[in-house]
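Protein chains in written order, with our numbering: chain A, 1 to 142; chain B, 143 to 284. Here a beta-carbon is modelled for each residue, glycine too, at the ideal position from N, C-alpha and C. Every value quoted in this text rests on a predicted model; they were computed, and no experiment measured them. Here's the structure, in C-alpha cells; my notes come after.
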DNA sequence: GTATCTGCAAAACATTTGCAATTCT
DNA sequence: AGAATTGCAAATGTTTTGCAGATAC
C-alpha cells in the first residue's frame with residue numbers, strides 16, 4: 001500500500017505508453033493529478049509540488065499539462081471563468097460546480113451521449129457536460 | 143420586417159423586464175447578440191459595434207455582458223481556451239465546437255437533464271453540454 | 001554529442017479596477 | 001442635483017514565448 005516504487009513504476013509505464021519521456025517533473029505532475037479529486041488548476045499543482053521540487057517553474061507545469069492533454073493522458077475541464085482545470089480521467093463524465101464552496105467534483109452518473117461518435121453528421125471527439133449550482137453540503141449548512 | 147423601431151422597442155422591453163436601464167450601448171450589444179449565431183466573444187462584439195459607436199470601450203462591453211449574465215438575460219459559454227463566449231439563449235442546449243473551422247454552433251437536440259432541478263442532492267442552476275470534433279462541412283471538404 | 005527538457009524573464013492576452021467625465025431622470 | 005453609466009488608463013492574473021543552461025539517451 002505504501003510502496004512508492006510500485007507507484008513510480010506505474011507512472012513511468014503510463015507515460016511511456018503515450019510516448020512521453022518519464023522525467024521526474026512529469027511523473028510528479030501526473031502523480032499529483034491522479035491522486036487529486038478536485039480537478040486542480042496549473043497553479044494548484046505548481047504550489048503543491050514546489051516544496052518537493054523547489055526549482056520547479058510554472059512554465060514546466062503549463063507545458064507538461066499541455067503535453068499530457070495532447071497525448072490523451074488527461075482531459076481539460078472548462079468550468080472556471082479564469083483558470084483551466086485538469087482531470088486525470090479522459091472518459092466523458094459530468095461535473096458539478098458549486099457556486100458557494102467553489103468545489104468542482106465528479107458526479108456519480110454516466111455522461112449521456114458519452115459514447116456517441118457523431119451528431120447530425122458532425123464527428124465527435126470529445127463530450128463535455130457539467131452542472132452549476134449549490135452542492136449538498138452547502139445546502140445542509142444553510 | 144425592416145422596421146428598426148419595432149426592434150428597438152422589443153430590445154428596450156427585454157432590458158426593462160430584467161430591470162436593466164436601456165442605454166444605447168446596452169441595446170446595441172443585446173441586438174448584436176440576438177442576431178448572431180456564432181456565440182461571439184466580447185472582442186467580436188466590440189469590433190463589430192465600433193464602426194457604429196466609435197467611442198465604445200471594451201470595458202463597457204465586458205461590464206454589460208457581465209450585467210446581462212447576472213440578470214439572466216444571456217448565458218456564458220465556456221468552450222474556448224482563451225475567451226469567454228456569450229449566448230442570447232438561456233435555455234440549456236448543447237453546442238458543437240469544430241476543431242477545424244473553429245465554429246461554435248447550436249446542436250439541433252435537447253439538452254439531456256436540461257430540466258433537472260437536482261442531482262444526488264445537489265441543487266442545479268445551470269446545465270452545460272458540448273461536443274468537440276469536426277463539423278459536417280469540414281468533413282465534406284476533406 | 002545531439003535531442004529533449006527545464007526554468008527564468010519577458011511578453012501576450014483577456015478581463016478587472018479606479019476614477020473622472022458624461023448622461024439620464 | 002443625484003444616481004447610474006461610460007470609457008480611459010493602469011493593474012491583474014493566466015498562459016505563452018524565446019532562449020540559455022541542464023539533463024537524458
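{"Asked": "Does the pairing of the region 164–180 of chain B with the region 125–134 of chain A give three or more beta-carbon distances under 8 Å?", "Found": "no"}
{"Asked": "What number of angstroms, rounded off, separates the C-alpha of residue 136 of chain A from the C-alpha of residue 218 of chain B?", "Found": "24 Å"}
{"Asked": "Give every residue of the same chain whose Cβ lies closer than 7 Å to the Cβ of residue 230 of chain B, excluding the five residues on either side of it in the sequence, and list them in chain order.", "Found": "175, 176 and 216"}
{"Asked": "Using a Cβ-Cβ distance cut-off of 8 Å, determine whether residue 181 of chain B contacts chain A.", "Found": "no"}
{"Asked": "Mapping DSSP to helix, strand and coil, what is residue 201 of chain B?", "Found": "helix"}
{"Asked": "Of all the CB atoms in chain A, is at least one closer than 8 Å to the CB of residue 248 of chain B?", "Found": "no"}
{"Asked": "Comparing C-alpha positions only, which one of B:152, B:149 and B:187 sits nearest to residue 225 of chain B?", "Found": "B:187"}
{"Asked": "How many Å lie between residue 144 of chain A and residue 134 of chain A at the Cα?", "Found": "For residue 144 of chain A there is no data in the structure shown, the boundaries of chain A being 1 and 142."}
{"Asked": "Taking the CB atoms as reference points, tell me whether residue 262 of chain B and residue 108 of chain A lie closer together than 8 Å.", "Found": "yes"}
{"Asked": "At a Cβ threshold of 8 Å, is residue 141 of chain A touching chain B?", "Found": "no"}
{"Asked": "Go ahead and pull the three-state DSSP assignment for residue 101 of chain A.", "Found": "coil"}
{"Asked": "On the three-state DSSP scale, how would you describe residue 206 of chain B?", "Found": "helix"}
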